Amino acid sequence: MRAYNSTIKIKQKPCVRCGIKSYIFSKGRCEPCARIENTLANDEKESEKIIQEEDLSGLIQDADAIFSQYIRLKYADKRGMVKCFTCDTVKHWTMMQNGHYIKRACLQLRFDERNCRPQDYHCNVELYGSLPIYTFNLEQESPNVTTILTEEMRLVYKPSREEIRQIISEYTPKVKLLKQKLRNQ
2 MRAYNSTIKI KQKPCVRCGI KSYIFSKGRC EPCARIENTL ANDEKESEKI
52 IQEEDLSGLI QDADAIFSQY IRLKYADKRG MVKCFTCDTV KHWTMMQNGH
102 YIKRACLQLR FDERNCRPQD YHCNVELYGS LPIYTFNLEQ ESPNVTTILT
152 EEMRLVYKPS REEIRQIISE YTPKVKLLKQ KLRNQ
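Note that the numbering used here has the sequence shown beginning at 2, numbered continuously upward.
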């Protein structure tokens, strides 16, 4: 075989992958072997990327679960009952939710204790956090905190996997301690 419009004769050589004598296509491989290896390499890169993305989202879900438990337990009384931050509803801490002044999409404040208080489902979900009441109550607790949180919200921030692991490792023992205190009373 000759290359197109050339006087150079192309020789067949054994493929380094399959060993069959053929015209070498890429890196000592025949065309079918080169396609197979390139496809496998591309699939491996894509699956690693997906695993990394899932890993971060999975870590954030784990951190959400632990942090939410911590906030609800922190404001619970000796019997495990919690008052909603925006209404007079009192329920067991397991029946409440972790409400946020600045919504959870803002990752730098998602796990900030100044931003979170226990809320019942009605206030947190159906009334979208009852923001006017939430703001008023937060200001009563700590003046100017809403201004500070609003300014911090404007910062661009993406947590690393290590930072999310740090949050999980910080709040896990706190949750265990608070649960232990409830059991002992």
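All C-beta atoms, glycine included, are put in the ideal place defined by N, C-alpha and C.
Note that the structure is a prediction, hence the values are computed from the model and not measured.
- Looking at the backbone, the Cα of Gln98 and that of Glu45 are separated by about 40 angstroms.
- A distance below 6 angstroms between beta-carbons, with the five flanking residues on each side excluded, links Tyr76 to the following residues of its chain, in chain order: Val83 and Pro119.
- Short of 7 angstroms from the beta carbon of Arg73, and not among the five residues preceding or following it, lie these beta carbons of its own chain, in chain order: Val83, Trp94, Met97, Asn99 and Pro119.
- Val176 and Ile67 do touch by the CB rule: their CB atoms are close to 6 angstroms apart, below 8 angstroms.
- The beta carbons of Cys85 and Cys117 sit no closer together than 8 angstroms.
- DSSP places Gly81 in the coil class of the three-state scheme, outside both helix and strand.
- Following the DSSP letters along the chain, one finds Pro174 inside the alpha helix (DSSP H) bounded by residues Arg162 to Asn185.
- Comparing alpha-carbon positions, the option among Ala42, Thr40, Lys14 and Asn43 lying closest to Cys31 turns out to be Lys14.
- In the three-state scheme derived from DSSP, where H, G and I count as helix and E and B as strand, Gly59 is classed as helix.
- In this structure, the CA atom of Gln186 is about 19 angstroms from the CA atom of Pro174.
- Residue pairing by DSSP places Gln13 opposite Tyr24 in a beta bridge.
- Using a 10 angstroms sphere on the CB of Leu110, the tally of other CB atoms reaches 16 or more, which defines it as buried.
- Using a Cβ distance threshold of 8 angstroms, Ile149 and Thr87 do not count as a contacting pair.
- Across the structure, Lys182 and Lys92 are spaced so that their CA atoms are roughly 18 angstroms apart.
- His101 has Cys117 as its beta-bridge partners, per DSSP.
- In the structure shown, Cys19 adopts coil according to DSSP, grouped into three states.
- A check of alpha carbon separations from Ile165 across Ser131, Ala42 and Ile61 identifies Ile61 as the nearest.
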